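With the numbering used here applied, the sequence shown corresponds to residues 317 to 456, in that order.
No residue lacks a Cβ here, since even glycine has one placed at the ideal position from N, Cα and C.
These numbers come from a predicted model, not from an experiment.
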Amino acid sequence: MTKKVFVYGSLMENFFNYDKYLVGKVLKRQPARVKGKLYHLVNKGYPAMIKGSDFVYGELIEVADWENNVKDLDDLENYYGEGNPSNEYNRVTIEVEILENNSKEIAFTYMYNCKEEQELKNELYLSDGSWRAYKEEEDK
317 MTKKVFVYGS
327 LMENFFNYDK
337 YLVGKVLKRQ
347 PARVKGKLYH
357 LVNKGYPAMI
367 KGSDFVYGEL
377 IEVADWENNV
387 KDLDDLENYY
397 GEGNPSNEYN
407 RVTIEVEILE
417 NNSKEIAFTY
427 MYNCKEEQEL
437 KNELYLSDGS
447 WRAYKEEEDK
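Below, the structure is given as structure tokens:
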């Protein structure tokens with residue numbers, strides 16, 4: 317079973333949830349990208365990825381003590397179990413491209429739980445696929 321997760325928002329290094337949930341628990345961290353479509357949830361202050369053909373940029377993280385730490389990540393992402401309609405995000409497997417060497421791996425990620433993209437019409441579409449770039453620009 318994979319013990320890696322692709323993160324694209326507040327769980328990336330130097331963001332608030334990385335410090336809270338991942339500091340001291342990361343065995344390896346690599347810049348990476350996946351296929352998807354990225355939005356910034358304006359009233360919540362964090363991103364949401366849905367299925368799509370854009371590139372979404374983030375980090376592939378290998379987590380120590382996966383069985384215990386994934387529970388904390390599930391709690392953060394409001395993931396209650398596969399197919400649960402109350403999930404804010406669904407934990408799914410996805411093909412991840414590691415930017416350093418263009419190799420591909422399968423890892424978990426958290427995809428926003430919406431039935432259709434129309435539900436995100438009032439959110440901010442990040443066409444460059446980088447929440448980090450959005451936050452850095454916002455903080456200027």
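Asked: On the three-state DSSP scale, how would you describe F331?; Found: coil
Asked: What's the gap between the Cα of L436 and the Cα of S443?; Found: 14 angstroms
Asked: Measure the alpha-carbon distance for L338 versus E432 and round it to whole angstroms.; Found: 31 angstroms
Asked: How would you call S419, buried or exposed, if buried means at least 16 neighbouring beta carbons within 10 angstroms?; Found: exposed
Asked: Among E375, N394, L389, which has the Cα closest to the Cα of E416?; Found: E375
Asked: Please classify A449 as buried or exposed, where buried requires at least 16 neighbouring CB atoms within 10 angstroms.; Found: exposed
Asked: Grab me the residues of E404's own chain with a C-beta within less than 8 angstroms of its C-beta, minus the 5 sequence neighbours each way, in chain order.; Found: E393, N394, Y395, Y428, N429
Asked: Tell me, to the nearest whole angstrom, how far the beta carbon of V372 is from that of L343; I am working on the premise that it is less than 8 angstroms.; Found: Wrong, their Cβ atoms sit about 23 angstroms apart, outside the cutoff.
Asked: For V386 and chain D, any beta-carbon pair shorter than 8 angstroms?; Found: Within the model displayed, chain D is absent; a lone protein chain is all it includes.
Asked: Can you tell me where the alpha helix (DSSP H) with V323 in it begins and where it stops?; Found: First-last for V323: 320-323, but that is the beta strand (DSSP E), not the alpha helix (DSSP H).
Asked: Fully enclosed by the segment 407-449, which beta strand (DSSP E) runs are 3 residues long or longer?; Found: 420-428
Asked: Does DSSP classify E268 as helix, strand or coil?; Found: Residue numbering for the chain in the displayed model covers 317 to 456; residue 268 lies beyond these limits and cannot be assessed.
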